[in-house]
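I have placed the structure first, in the form of structure tokens, so that the comments after it can refer back to it.
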Amino acid sequence: MGRAGVLGAVALSLLAVPARAATGTPEAPATAARQAATTAATTARQAAAAARQAAAAPRGSAAAALPAPNTASLAAVLRSVVAQGAPGALARIDDHGRTHRVTRGVADRVTGRAISTRDRFRIGSVTKTFTTVVLLQLVDEHRLALDAPVNRYLPGLLPDDRITVRHLLSHRSGLYDYSDDMFAASVSGFEAVRKKVFTYRQLVALSLRKPRTNAPGAAYSYSNTNFVVAGLLVEKLTGQPVRTAYRNRIVKPLKLTDTFYVHPDTAIPGRHTRGYLTPDRAGAPLVDATAQTVSWAQSAGAVISSARDLDVFYGALLKGRLLSAARLADMERFTKVNGTTAYGLGLRRRDLSCGVSVYGHTGAVQGYYTYAFGTKDGGRTLTAMANTSNNAKVLNTLAGALESAFCGK
245 MGRAGVLGAV ALSLLAVPAR AATGTPEAPA TAARQAATTA ATTARQAAAA ARQAAAAPRG
305 SAAAALPAPN TASLAAVLRS VVAQGAPGAL ARIDDHGRTH RVTRGVADRV TGRAISTRDR
365 FRIGSVTKTF TTVVLLQLVD EHRLALDAPV NRYLPGLLPD DRITVRHLLS HRSGLYDYSD
425 DMFAASVSGF EAVRKKVFTY RQLVALSLRK PRTNAPGAAY SYSNTNFVVA GLLVEKLTGQ
485 PVRTAYRNRI VKPLKLTDTF YVHPDTAIPG RHTRGYLTPD RAGAPLVDAT AQTVSWAQSA
545 GAVISSARDL DVFYGALLKG RLLSAARLAD MERFTKVNGT TAYGLGLRRR DLSCGVSVYG
605 HTGAVQGYYT YAFGTKDGGR TLTAMANTSN NAKVLNTLAG ALESAFCGK
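Just so you know, we're using the working numbering here: the sequence shown kicks off at 245 and counts up by one.
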């Protein structure tokens, strides 16, 4: 499942957090040509989505065959998560217009406020899907080629011209994950970067100090470095910060009200759940990790959102509302990771015990674990979150929310 035990708090191979840096890139206005290209691509995506929805009857009947969500079992999963050390846990299921909400525990250990599915939280590596959507939209707009070398767009950045954009988004570049060293110890590593602001290139440089893990395209190897480079690509090709790209291309079109990219600010705006980092030493007190720049992760994991917004996001993505059919197919071209998971382009597939496969991403950032997944047709989505990290028992138990939501177990 990940790397060292501490990476349960940070960059797991099943639940990892992204990394991006303070670039200070100005929000340059788009040229008329770019605006026209973006508008045309958006129109094409909308038309394609409408066509897919018109032909969705077979998918609808398949979705109806899913077992009903088991909210009693889901509540038991969340109770176990709290018993294993998470102050609180929440889950929201959106199922063809019906919503189920389940919570246990507290959002704030000091005030004792109960956790709520309305709370905002740090989503960690779920950010990677947001970043991938932006880049694939640029592919749809003919501004980026998936199989082109990264160095075509960012000359001299990487030491190997064979590393392509597709290699980045599928974790097959071979670029070493700098966060493995950064968080060799959970609390001291976190405190060293909690308020620090990196640039993308500083993070890439940390990776390039180490040998690559494999030749480009040879094997899957999860690395936050890939999505740091992806953030650089977004900013280079759009002439805007990733914040602006997320807002204009995903947040506004989907009317997401709880989704923000505030880096390098340290606060979560509005009503939110506080996050608690579990120290490596047994019995040591939890560390309130809520306030942090997440600059070590950035376009790999610094987005803030809510259960409602993530359900809407993955539902829209899987229904084809954000990408063309060809790009969504690229995203869903999976490489097997282990017996239950596979990875596409910024998207995980999880194969459940009842034979159902679900699609989404996992996220871990100091203080928060997240699972956000949906059915193939996007008709049923689940977001589950526990407000702790670096706790393997909590992480593994929270995965049971998928079985409750999609298998009725």
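Note that the Cβ used here is the ideal one computed from N, Cα and C, for glycine as well.
Own chain, CB closer than 6 Å to residue i, minus 5 neighbours either side, in chain order
| i | result |
| --- | --- |
| residue 412 | 470, 473, 474 |
| residue 590 | 372, 373, 376, 413 |
| residue 438 | 536 |
| residue 431 | 523, 531 |
| residue 273 | Below a pLDDT of 50, predicted positions are generally treated as unreliable, and residue 273, at 37, falls in that range; the measurement from the model is reported next regardless. So no residue of the chain qualifies. |
| residue 588 | 575, 576, 577, 578 |
| residue 279 | Note that residue 279 scores a pLDDT of 49, beneath 50, so its modelled location is shaky; the value from the coordinates is reported in the next line. So the list is empty, once near-sequence residues are dropped. |
| residue 580 | 586 |
| residue 528 | none |
| residue 303 | Interpretation of residue 303 is limited by its pLDDT of 39, a score under 50 that renders its predicted location unreliable; no figure is taken from the coordinates. |
Where the alpha helix (DSSP H) containing residue i begins and where it ends
| i | result |
| --- | --- |
| residue 638 | 636 to 642 |
| residue 446 | 444 to 452 |
| residue 415 | Neither: residue 415 is in no alpha helix (DSSP H) and is coded neither H nor E. |
| residue 475 | 468 to 482 |
| residue 542 | Careful: residue 542 lies outside any alpha helix (DSSP H) and carries neither H nor E. |
| residue 381 | 371 to 384 |
| residue 312 | Looking at the DSSP string, residue 312 is not in any alpha helix (DSSP H), and its letter there is neither H nor E. |
| residue 488 | 486 to 490 |
| residue 431 | 430 to 437 |
| residue 574 | 569 to 575 |
| residue 423 | 423 to 426 |
Same chain, Cβ closer than 7 Å to residue i, neighbours up to 5 away in sequence not counted
| i | result |
| --- | --- |
| residue 533 | 434, 519, 520, 521, 610, 611 |
| residue 648 | 313, 314, 317, 318, 321 |
| residue 395 | 401, 402, 405 |
| residue 651 | 311, 596, 597, 598, 600 |
| residue 481 | 382, 387, 388, 397 |
| residue 511 | 535 |
| residue 559 | 338, 618, 622, 625 |
| residue 458 | 418, 465 |
| residue 452 | 403 |
| residue 357 | 350, 351 |
| residue 454 | 420 |
| residue 456 | 418, 419, 420 |
| residue 638 | 325, 328, 329, 330, 613, 630, 632 |
| residue 556 | 498, 500 |
For residue i: DSSP bridge partner residues
| i | result |
| --- | --- |
| residue 549 | 365 |
| residue 604 | 592, 617 |
| residue 359 | Partner(s): none; residue 359 has no beta bridge. |
| residue 337 | 344, 626 |
| residue 504 | 548 |
| residue 520 | 532, 632 |
| residue 349 | 332 |
| residue 612 | 609 |
| residue 580 | 586 |
| residue 457 | Answer is none; residue 457 lacks a bridge partner. |
| residue 408 | 393 |
Whole-number beta carbon distance between residue j and residue i, since they are thought to touch under 8 Å
| i | j | result |
| --- | --- | --- |
| residue 348 | residue 332 | 7 Å |
| residue 624 | residue 310 | 6 Å |
| residue 632 | residue 329 | 6 Å |
| residue 465 | residue 415 | 6 Å |
| residue 478 | residue 543 | 7 Å |
| residue 325 | residue 614 | The Cβ separation is near 12 Å, so there is no contact. |
| residue 467 | residue 419 | 5 Å |
| residue 620 | residue 562 | 7 Å |
| residue 445 | residue 627 | Going by Cβ atoms, the distance from residue 445 to residue 627 rounds to 33 Å, so no, they are not a contact pair. |
| residue 554 | residue 367 | 7 Å |
| residue 392 | residue 409 | 6 Å |
| residue 497 | residue 504 | 16 Å between Cβ atoms; not a contact. |
| residue 545 | residue 369 | 5 Å |
| residue 380 | residue 567 | 5 Å |
| residue 460 | residue 407 | 5 Å |
CB contact below 8 Å: residue i versus chain C
| i | result |
| --- | --- |
| residue 584 | This model lacks chain C altogether, as it is built from one protein chain only. |
Boundaries (first-last residue) of the beta strand (DSSP E) holding residue i
| i | result |
| --- | --- |
| residue 586 | 585 to 587 |
Close beta carbons around residue i, own chain, < 8 Å, minus the five adjacent residues each side
| i | result |
| --- | --- |
| residue 516 | 351, 363, 364, 365, 534, 548 |
Check: residue i C-beta below 7 Å from any heavy atom of the ligand FAD
| i | result |
| --- | --- |
| residue 465 | Ligands displayed in this structure: none; no statement on the ligand FAD is therefore possible. |
(request) Would you check if the stretch 487 to 501 and the stretch 440 to 458 touch, i.e. whether three or more CB-CB distances between them fall below 8 Å? (result) no
(message) Tell me whether the stretch 556 to 576 and the stretch 396 to 404 touch, counting them as touching only if at least three CB pairs, one residue from each stretch, are closer than 8 Å.
(response) no
(request) Inspect the CB distances between the stretch 594 to 607 and the stretch 522 to 529 and report whether three or more fall short of 8 Å. (result) no
(message) Does the contact criterion of 3 or more C-beta pairs under 8 Å hold for the stretch 385 to 398 versus the stretch 537 to 551?
(response) no
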